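Chemist: Supplied in structure tokens, the structure appears directly below.
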Amino acid sequence: MINFAWLKRYMPTKLFGRTLIILIIPVFGIQLVVGVLFIQRHFEGVTRQMAGSVGSELTYLIATVDTVDPLSNAIQLEATADLLGFTLDYVPGGTVTPGRELGFLDVSGREMERTLRDIIARPMRISTTEIRKSVRIDIQTDTGLLTAIVPQRRMIASNPHLLFTWTILTSLVLLGISILFLRNQVRPIRKLALAAEAFGKGQSMKFRPQGAEEVRRAGAAFLAMRQRLERQIESRTAMLSGVSHDLRTPLTRMRLALAVAEPSPEVEELQHDVEEMERMLEGFLAFARGEGTEETADVDATEFIRRIAQDARREGAVLTLNILNDTPNDTSVPMREMALGRAVRNLVSNAIRHGDEVRLTLRLQPSSMEIAVADDGPGIPEHQREEALKAFTRLDAARNQDQGGGVGLGLSIAADVARGHGGKLVLGTSQALGGLRAAIRIPR
1 MINFAWLKRY MPTKLFGRTL IILIIPVFGI QLVVGVLFIQ RHFEGVTRQM AGSVGSELTY
61 LIATVDTVDP LSNAIQLEAT ADLLGFTLDY VPGGTVTPGR ELGFLDVSGR EMERTLRDII
121 ARPMRISTTE IRKSVRIDIQ TDTGLLTAIV PQRRMIASNP HLLFTWTILT SLVLLGISIL
181 FLRNQVRPIR KLALAAEAFG KGQSMKFRPQ GAEEVRRAGA AFLAMRQRLE RQIESRTAML
241 SGVSHDLRTP LTRMRLALAV AEPSPEVEEL QHDVEEMERM LEGFLAFARG EGTEETADVD
301 ATEFIRRIAQ DARREGAVLT LNILNDTPND TSVPMREMAL GRAVRNLVSN AIRHGDEVRL
361 TLRLQPSSME IAVADDGPGI PEHQREEALK AFTRLDAARN QDQGGGVGLG LSIAADVARG
421 HGGKLVLGTS QALGGLRAAI RIPR
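Counting from 1, position 183 in the sequence shown corresponds to residue 183 in full-length UniProt numbering; the numbering is continuous, with no gaps.
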């Protein structure tokens, strides 16, 4: 069985290119069939028939000059030439050097030569290039050299390339019209893909289903899905925000009651519990805000990452900032600045809590941005990294990522924000520091 897997490397990746190939291959396949089977065969057959007729006439002339005395040849050849439309010349005792002079791509000329040599069967020289639009034929007779200059139209089918040229031109015109229609059919699909891609990045792009019925149905299904997801996100955000705010009231009363209570170990433990519950509420609120209504805007990524590093250093963190920019003339990146900033700060806070040294790296590439946070802590085992990205997950046995009262939302918030930007959060091992390396990668 033939394996065509290697063709995938050369195939276009877009629908327009693949559909264009589906159009082009049959069209040019038909041209090839027409060119080989019709033009070549047909015009060669016509040329063979025309050259055969002239060959028979030349055979008669050869027999004439060999039987008539030389003085009568000139008169008879002149009269015969007028009847046949030739230019004839006879040199008694002359000789010919056999050969041919044909054009490089003169297929019909070669067929004419073969036909004449088969019919006349005498030494001869044939030239289609010496005299414009004429064929010169030098034939060795028994008594001398007979030269015939025959109009090309009498021996070779005229303009065999004309049909092929017109066929090609017509096909190109029809192909151009087909491309215009094809673009109109592909455009709605491209718009649907752009709308889906924008929604995957957390952006709301105007989209109206159009095009063929199947494309319109797919567009309508996408709009319905987008509305359902937006309602679910709004419901989740409202629920978590409401619960978190409702819980603040009793916590505030408890804090006030503890503030006026007599100091004791039990009061200190209760104050610690209240503070831990407040941190948990902040985590809930941050999780709820993760997919809020913040609009995407172009932000200077270098200034963005420097502000985060400065905030961490003001809190006493030992943090190293590295900026690697492959596009020094363009540092802007489309992002939701508050959401992404919250995600990166969560990663930095986790790194500070579990390590002594933290390294924050920004890498700008032409089509993507990566923000990596590495530490020298215990890290997360590879088999637990996927689990660590789930909400409310604690890895106390491995990294104790929720040390200090977290609720297992730090990495989950960062992963949600990365997905909201059309990217992802990747967990790995820092080669330089040996601890966890958490990298947010988003497209530009």
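Glycine included, each C-beta is placed from N, C-alpha and C at the ideal position. This one's a predicted model, so the numbers in the text were calculated from it and none came from an experiment.
Any idea which residues DSSP pairs Ser-134 with across the strands?
Modeler: Answer is Pro-151, bridged to Ser-134.
Chemist: For Leu-389, does the three-state DSSP call read helix, strand or coil?
Modeler: In this structure, Leu-389 counts as coil in the three-state DSSP scheme.
Chemist: Comparing alpha-carbon positions, which option in Phe-164, Arg-216 and Leu-169 lies nearest Pro-188?
Modeler: It is Arg-216 whose Cα lies nearest to the Cα of Pro-188.
Chemist: Using the Cα positions of Arg-399 and His-354, report the straight-line distance between them to the nearest angstrom.
Modeler: In this predicted model, Arg-399 has a pLDDT of only 49, less than 50, meaning its place in the structure is not dependable; the value taken from the coordinates is given anyway. About 8 Å.
Chemist: Using only alpha-carbon positions, find the residue among Glu-234, Glu-276, Phe-104 and Leu-175 that is nearest to Met-254.
Modeler: Checking every option, the nearest Cα to that of Met-254 belongs to Glu-276.
Chemist: What residue from Ile-62, Ala-224 and Ala-193 has the CA that sits closest to Ile-119's CA?
Modeler: Nearest of Ile-62, Ala-224 and Ala-193 to Ile-119, Cα basis: Ile-62.
Chemist: Which residue marks the beginning of the beta strand (DSSP E) containing Leu-23, and which one marks its end?
Modeler: Note, Leu-23: premise wrong, no beta strand (DSSP E); alpha helix (DSSP H) at 15-33.
Chemist: For a quick check, are the C-beta atoms of Leu-58 and Gly-94 less than 8 Å apart?
Modeler: Going by C-beta atoms, Leu-58 is not nearer than 8 Å to Gly-94.
Chemist: Taking the beta carbon of Ser-134 as the centre, do at least 16 other beta carbons fall within 10 Å, making it buried, or is it exposed?
Modeler: Buried.
Chemist: If you reduce the DSSP assignment to three classes, tell me which class Thr-327 lands in.
Modeler: It is coil, neither helix nor strand.
Chemist: Does Glu-44 pass the burial test, meaning 16 or more other C-beta atoms within 10 Å, or should it be called exposed?
Modeler: It counts as buried.
Chemist: Taking the C-alpha atoms as reference points, what is the distance between Asp-66 and Gly-109?
Modeler: Cα to Cα, the separation comes out at about 28 Å.
Chemist: Do you know whose CA, among Asp-356, Val-318, Leu-411 and Leu-102, lies nearest Ile-380's CA?
Modeler: Ranking the options by Cα distance to Ile-380, first place goes to Leu-411.
Chemist: Helix or strand or just coil, what does DSSP make of Arg-399?
Modeler: Any reading at Arg-399 must be qualified, since the residue scores a pLDDT of 49, below 50, and its modelled position is unreliable; no value is offered.
Chemist: Taking 7 Å as the cut-off, does the CB of Ser-235 come closer than this to any heavy atom belonging to the ligand SAM?
Modeler: In the structure shown, the ligand SAM is absent, as is every other ligand, since no ligand is present at all.
Chemist: DSSP on Gln-210, reduced to helix/strand/coil?
Modeler: Residue state, collapsed to three classes: coil.
Chemist: Please name the residue, chosen from Ser-368, Thr-429 and Arg-336, that lies closest to Gly-377 on a Cα-to-Cα basis.
Modeler: The candidate whose alpha carbon is nearest that of Gly-377 is Thr-429.
Chemist: How is the alpha helix (DSSP H) around Glu-113 delimited, first residue to last?
Modeler: Run containing Glu-113: 107-120, per the alpha helix (DSSP H) assignment.
Chemist: Would you kindly work out how many angstroms separate the C-alpha atoms of Ser-264 and Leu-258, rounded to a whole number?
Modeler: Cα-Cα distance, rounded: 10 Å.
Chemist: Quick check: what's the CA-CA separation for residue 502 versus Arg-342?
Modeler: No information on residue 502 is available, as it lies outside the stretch 1 to 444 that the chain covers here.
Chemist: Can you name the start and end residues of the alpha helix (DSSP H) that Arg-314 belongs to?
Modeler: Where Arg-314 is concerned, the enclosing alpha helix (DSSP H) stretches over 301-314.
Chemist: Taking just the CA atoms, how far does Val-36 sit from Leu-23?
Modeler: Whole-angstrom Cα-Cα distance: 21 Å.
Chemist: May I ask you to report which of helix, strand or coil DSSP gives Asp-376?
Modeler: In the structure shown, Asp-376 sits in coil (DSSP, three-state: anything other than H, G, I, E or B).
Chemist: Have a look at the DSSP bridge pairing and note the partners of Pro-92.
Modeler: The partner list for Pro-92 (beta bridge, DSSP) reads Gly-144.
Chemist: Can Ala-438 and Leu-364 be called in contact, C-beta distance under 8 Å?
Modeler: No. Outside cutoff.
Chemist: With a CB to CB cut of under 6 Å and the five nearest residues on each side skipped, what residues in its chain are close to Gln-203?
Modeler: If we look at Gln-203 and ignore the five residues flanking it on each side, its Cβ neighbours are Thr-296.
Chemist: Report the rounded CA-to-CA distance for Arg-153 versus Leu-32, giving the unit in angstroms.
Modeler: Using only the alpha carbons, I get a separation of about 26 Å.
Chemist: Which residue comes first and which comes last in the alpha helix (DSSP H) that contains Ile-413?
Modeler: From DSSP, the alpha helix (DSSP H) with Ile-413 extends over 410-420.
Chemist: Could you check which residue in Ser-367, Leu-20 and Thr-64 has the C-alpha nearest to that of Phe-181?
Modeler: The shortest Cα separation from Phe-181 among Ser-367, Leu-20 and Thr-64 belongs to Leu-20.
Chemist: Can you tell me the Cβ-Cβ gap for Ile-137 and Val-150, rounded? I've got them flagged as a contact below 8 Å.
Modeler: That pair is a contact at about 7 Å.
Chemist: On the three-state DSSP scale, how would you describe Val-357?
Modeler: Per the sequence shown, the amino acid found at residue 357 is Glu instead of Val. Three-state DSSP puts Glu-357 in coil, outside helix and strand.
Chemist: Could you spell out the range, first to last residue, of the beta strand (DSSP E) harbouring Ser-56?
Modeler: Run containing Ser-56: none in the beta strand (DSSP E); it sits in the alpha helix (DSSP H), 41-67.
Chemist: According to DSSP, Ser-190 sits in a beta bridge with which residue or residues?
Modeler: The identity of residue 190 in the sequence shown is Arg, whereas the question assumes Ser. None, per the DSSP bridge assignment.
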